[in-house]
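Take a look at the structure set out below.
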Amino acid sequence: MSTKTMVVIGAGPGIGLAVARRWGGEGYRIALVARQAERLSGFVDRLGAEGVEAAAFPTDVTDRAALAATLTEIKKRFGRIDALYFGPPATSGTMVAPRDFTVKNTSIMLDLVTAAVAAVEFVLPELLERREGALLFCVPMSAVEPVLFSANYAMACAALRNYAQSLFVDVHAEGVSVGVVTIAGLVVEGDSERSKSLAATARRPGDRAWDEYRAFHEDLAAHVTSGEVADAFWRLAADSTEVEEILGNPEICARLRAQALAGTPAT
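In structure tokens, the structure reads:
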């Protein structure tokens, strides 16, 4: 049995669970971290039925003291941490267009960046000492090419992507892999929040940000599966010479930006 452990921060039913399955299938023990205890318990049961050893650690990762306590508990239980996935999602209700930025709705997103730094701060020294391990981050394409509907989230993810790429340059020669999967589109399964969000668009006619959100759903070339994302992360972890993979349709954000500048409908 493997003694290696993967920590999945942002363990939802889509990418987080797929990453857990991918690493669990390689013999890793899995520590699942997210807010919802009941949902995590269900994931543990599903992974256990697949022969994967997993444990749930319900935590608000933006609470730095709580996150540190959770990572300490994970290390105490499993003995070590070998890989870290960081991908807490933002729900549609917290994402806003630039004109609607406030200190509050911006700080909520920037807290995710400091949570990532706090998690890396905890696990990196041991990875460097062993000269192996992986630090993995998931961001949307809007971190590269901004769109309106998720502008505050995109701003934070741009910072997270920059942090990951800088970290890659800093530590890759010392055996630690750092990887970013940038999703140019939408993961098409695992997120019940999405159907609720689309229903809400019908009640907001003329809102360009929400029109853009709908365009993401209608662009089939931008659809990816959580399994594809997990496989991309595995490739990045295995090949420390590469830092990023882009999945989906990289043109979609550029297209929406050009349409917004021209004042034409989002499609």
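Quick note: the sequence shown uses our numbering, first residue 8, plus one each step.
The beta carbon of each residue, even a glycine, is placed where N, CA and C say it ideally should be.
The C-alpha of V188 lies about 16 Å from the C-alpha of W30. Look at P132 here: in three-state DSSP terms it is helix.
Pairing L119 with F144 gives a Cβ-Cβ distance that is not under 8 Å.
No Cβ-Cβ contact shorter than 8 Å links V127 with L117. Taking C-alpha positions only, T248 is separated from E33 by approximately 21 Å. For the pair of segments examined, the segment 77-93 was found to touch the segment 9-23: the number of CB pairs separated by less than 8 Å reaches three.
Counting only the Cα atoms, A191 lies some 32 Å from I81. Counting other Cβ atoms within 10 Å of its Cβ, T77 reaches 16 or more and is therefore classed as buried.
As computed with DSSP, M13 is found in a beta bridge with I37 and A90. Between the alpha carbons of Q43 and A269 lies a distance of about 42 Å. Scanning E57, D177, V51 and L74 for the CA closest to the CA of A63 turns up V51.
Around the beta-carbon of V154, 16 or more other beta-carbon atoms lie within 10 Å, marking it buried. As the crow flies, the alpha-carbon of I259 is around 32 Å from that of L39.
Contact annotation: A237 and I37 have beta-carbon atoms that are not nearer than 8 Å. P147 has I190 as its beta-bridge partners, per DSSP. Contact check between the segment 101-116 and the segment 47-61: fewer than three CB pairs, one atom from each, fall below 8 Å, which does not count as touching. Taking A161 as the centre and dropping the five residues before and after it, the same chain places the C-beta of S149, A150 and P153 closer than 6 Å to its C-beta, in chain order. Per DSSP, the continuous beta strand (DSSP E) segment holding L254 begins and ends at E251 to G255. The beta carbons of A273 and E219 sit closer together than 8 Å. The C-beta distance from Y170 to A123 rounds to 7 Å, short enough to fall under 8 Å.
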